[in-house]
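Visitor: In the working numbering, the protein residues as written are 98 to 794.
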Ligand code: ADP
Ligand code: MG
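1. May I ask you to report which of helix, strand or coil DSSP gives residue 341?
2. Short of 6 Å in beta carbon distance, which residues of its chain neighbour residue 287, apart from the five on each side in sequence? Order them along the chain.
3. Got a sec: does the ligand MG put a non-hydrogen atom nearer than 7 Å to the Cβ of residue 784?
4. Under a Cβ-count criterion, where at least 16 other Cβ atoms within 10 Å of its own Cβ denotes burial, should residue 375 be classed as buried or exposed?
5. Between residue 585 and the ligand ADP, is there a pair consisting of the residue's CB and a ligand heavy atom that are separated by less than 7 Å?
6. How long is the line joining the alpha carbons of residue 719 and residue 409, rounded to whole angstroms?
7. Using the three-state DSSP reduction, which class does residue 374 fall into: helix, strand or coil?
8. Give the DSSP bridge partners of residue 109, in chain order.
9. Look at the alpha carbon of residue 182 and the alpha carbon of residue 366, and state the distance between them as a whole number of angstroms.
10. From which residue to which residue does the beta strand (DSSP E) around residue 681 run?
11. For the ligand MG, is there a heavy atom less than 7 Å away from the beta-carbon of residue 529?
12. Given residue 492, which residues of its chain have a CB within under 8 Å of its CB, disregarding the five upstream and five downstream residues?
13. Determine the contact status of residue 248 and residue 227, defining contact as a CB-CB distance below 8 Å.
14. Going by C-alpha distance, which of 514, 474 and 523 is nearest residue 498?
15. Hey, is residue 683 close to the ligand ADP, as in C-beta under 7 Å from one of its heavy atoms?
16. So, at 8 Å on beta carbons, what are the nonlocal neighbours of residue 621 in its own chain, with the 5 sequence-adjacent residues on each side left out?
17. Do the CB positions of residue 748 and residue 670 come within less than 8 Å of each other?
18. State the Cα-Cα distance for the pair residue 775 and residue 714, rounded to the nearest angstrom.
19. Evaluate contact between the segment 525-537 and the segment 406-423, counting only Cβ atoms and requiring at least three cross-stretch pairs below 8 Å.
20. Nearer than 7 Å: is that true of the beta carbon of residue 772 relative to any heavy atom of the ligand MG?
21. Determine, using beta carbons only, whether residue 681 and residue 586 come nearer to each other than 8 Å.
22. Around the C-beta of residue 294, are 16 or more other C-beta atoms found within 10 angstroms, so that it is buried, or is it exposed?
23. Contact defined as beta carbons within less than 8 Å: I believe residue 123 pairs with residue 114. What is the distance between those atoms, to the nearest angstrom?
24. Based on the DSSP output, what are the partners of residue 710 in its beta bridges?
25. Under a three-way DSSP split, which group does residue 526 fall into?
26. Could you give the distance in angstroms between the alpha-carbon of residue 644 and the alpha-carbon of residue 728?
27. Assign residue 266 to buried or exposed, taking buried as 16 or more other Cβ atoms, counted over all protein chains shown, within 10 Å of its Cβ.
28. Can residue 594 be considered in contact with the ligand ADP, in the sense that its beta carbon sits closer than 7 Å to one or more heavy atoms?
29. Quick one, which of 473, 112, 537 and 732 has its alpha-carbon nearest residue 148's?
30. Whether or not the segment 615-635 and the segment 552-565 are in contact is what I'm after, with contact meaning three or more pairs of Cβ atoms, one per stretch, closer than 8 Å; do they touch?
31. Which full runs of the alpha helix (DSSP H) of 4+ residues lie inside the segment 481-528, going along the chain?
32. Which whole runs of the beta strand (DSSP E) in the segment 199-278 are 3 residues long or more, in chain order?
33. Can you determine whether any heavy atom of the ligand ADP sits closer than 7 Å to the C-beta of residue 724, and answer yes or no?
34. If contacts are defined as beta-carbon pairs under 8 Å, then residue 570 and residue 789 qualify, I think. What distance do you get, rounded to the angstrom?
35. What are the boundary residues of the beta strand (DSSP E) that includes residue 756?
36. On the CB-based measure, 16 or more other CB atoms within 10 Å of its CB, does residue 673 come out buried or exposed?
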């Protein structure tokens, strides 16, 4: 039983604003309910005694309802809601538009609506919603033109219009739904609530959705992670919000936009992401009807060479592999197939194959332990009866309990067999690559189910020291901190080279003499973001050169910006760049998902190379390690071309520690360690830059 069970299975629905007026939404909702709903409908409208032959009451308080659908004009929604609350109705669908989506008046009305909903502890859908449906009780509490057919997918959409289009099409395709919800403005209930509910709903096998945004990213991740252990979620996400608009003042800030956040967040949530509506339903249908495979190896049984090769290519593009058969399977194929056939995958059973040969080959392939799933790929021939082939395909799927996709190619000749297949939950596609993609989503889901989510580590850190450093922005004209704040790294246990900031050539020399070997000297100023761009970084300075270098750095900074706020010069121990790789570890705060960690190849070319990867913080050790493994240049870190491997554990720990820092301090809006030099002996954070929102401190 899910948390929104009453919302989807009410016994008495009050339609507040019901009317028989042609073309009105009030009429559409009332008649949609009348069509199939098992429960009682109570029209509410003080102007009528009857609406569409149903007795009408003056106020929702008289309806004794357990759910209210509100379709009255915007100005009287709030009083109606208040009245519903007084009457103890806690399940409410507000269809009326004219709220947050329409400017400041609407926004304040929506705020009030939220307050009323909170006061009465309502489960409220909308406002600006098309409505909701549940096929289990025939409830169509929406103003859409079609009711859904029964099925096991539950569907949420941020666009009401999209629901009407999908239902129209799905009804043609014979695709059914358990529940449908138009989220509207998501003033109270949002995608996380529905995912949470359907995750506990026994009649929902797959959750699908069309979203334009996610209200609270971290909650969504945490909820979806649990749900996707049993119930797959497939989402199309569109309408990329412009998070990059906020000051793009650091590397991570310029690279980590909201699209990166969604990609990372949805992946961490265990959600399958579809790029198109077709992909959404291809995946959803497979997931709703077929078992999940135990291996990613696919067997292709075909009577046509060309399409067989196409399927091999499609498998190559997916996370799947062409199955390699066990010897026993190969022997059986040799005995059974004509000599001109191919016993290796894709198994070519030759153009004259009849249904028996197809069925037998499929039987043999599915019996092979290596084979996780199979595809029947056929072209029409005079000796092949497609309907019988469909029946045999279904039979073999049942016999072996492994997923099977069908690709019966052709036009009209396929129709009947496709219907037979579809009734058994086997979608038929013309295009082999679509069938393979659908199988791929099953495999992808299998891996999500196998995931184990470990909790983020909790390092012993000095939070107070970090806070003191961050508070320094309060005395400054801007909110940026640079290497003068490297104490933050120390407080959070992130290794860095020995360094000091000085304000005279003499002090510079003293520090340089204390530090072994040559040093690096850098200008320190919040006004100079990219120090090396203005010649503000000198690498390999010997003790004798230090004083001149100091003067030179100050002169360069003054030339660049005469009134620049100069905090001094940093004298820093050299990191071994020859033995090391420059990486970047950063964070940018996303409006929906919060802190988004970035890892990539660093140094001064980050933006050019853009070899980066993202995770929503706080990240676990597993997630941090995945980040180091999935960038394109990961082989460089692992020690390509005779180089010694870098200290990857050190990088992983740095990502985790920075993740903890930014989770501890919501005031940190952006953070960059660039570069984090990773050598075989360890890691060194040699440069940092961050922006802080003093209001959040
Ligand atoms: P910025 O990014 O503002 O230009 P950095 O401090 O990152 O300044 O320095 C720029 C480059 O100089 C680094 O990417 C690195 O190649 C080199 N560098 C900086 N500090 C050191 C150091 N301590 N040891 C070795 N190389 C360094
Ligand atoms: Mg730098």
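We put the beta carbon where it would ideally sit given N, CA and C, even for glycine.
Guide: Put simply:
1. Confidence in residue 341 is poor, its pLDDT being 39 and thus under 50, which makes the residue's placement too unreliable to answer from.
2. Around residue 287: 312.
3. Correct: residue 784 has its Cβ closer than 7 Å to the ligand MG.
4. Counting Cβ neighbours within 10 Å, residue 375 comes out exposed, since fewer than 16 surround it.
5. no
6. Looking at the two C-alpha atoms, the distance is approximately 32 Å.
7. Residue 374: helix per DSSP, three-state reduction.
8. 137
9. 34 Å
10. 678-687
11. no
12. Excluding positions up to five away in sequence, the list reads 456.
13. no
14. 523
15. no
16. 579, 580, 581, 598, 663, 664, 665, 666 and 667
17. no
18. Straight-line Cα distance between these residues: approximately 22 Å.
19. yes
20. yes
21. No, the Cβ-Cβ distance between residue 681 and residue 586 is not below 8 Å.
22. buried
23. 5 Å
24. 696
25. coil
26. 41 Å
27. exposed
28. yes
29. 112
30. Contact between the segment 552-565 and the segment 615-635 is absent, because fewer than three Cβ pairs lie under 8 Å.
31. 483-497 and 512-520
32. Within the segment 199-278, complete beta strand (DSSP E) segments of at least 3 residues are found at 220-222, 228-231, 236-239 and 247-254, given in chain order.
33. no
34. Yes, they are in contact, since the Cβ atoms of residue 570 and residue 789 sit about 5 Å apart, within 8 Å.
35. Taken as a continuous stretch (DSSP letters only), residue 756 belongs to no beta strand (DSSP E), being part of the alpha helix (DSSP H) at 745-761.
36. exposed
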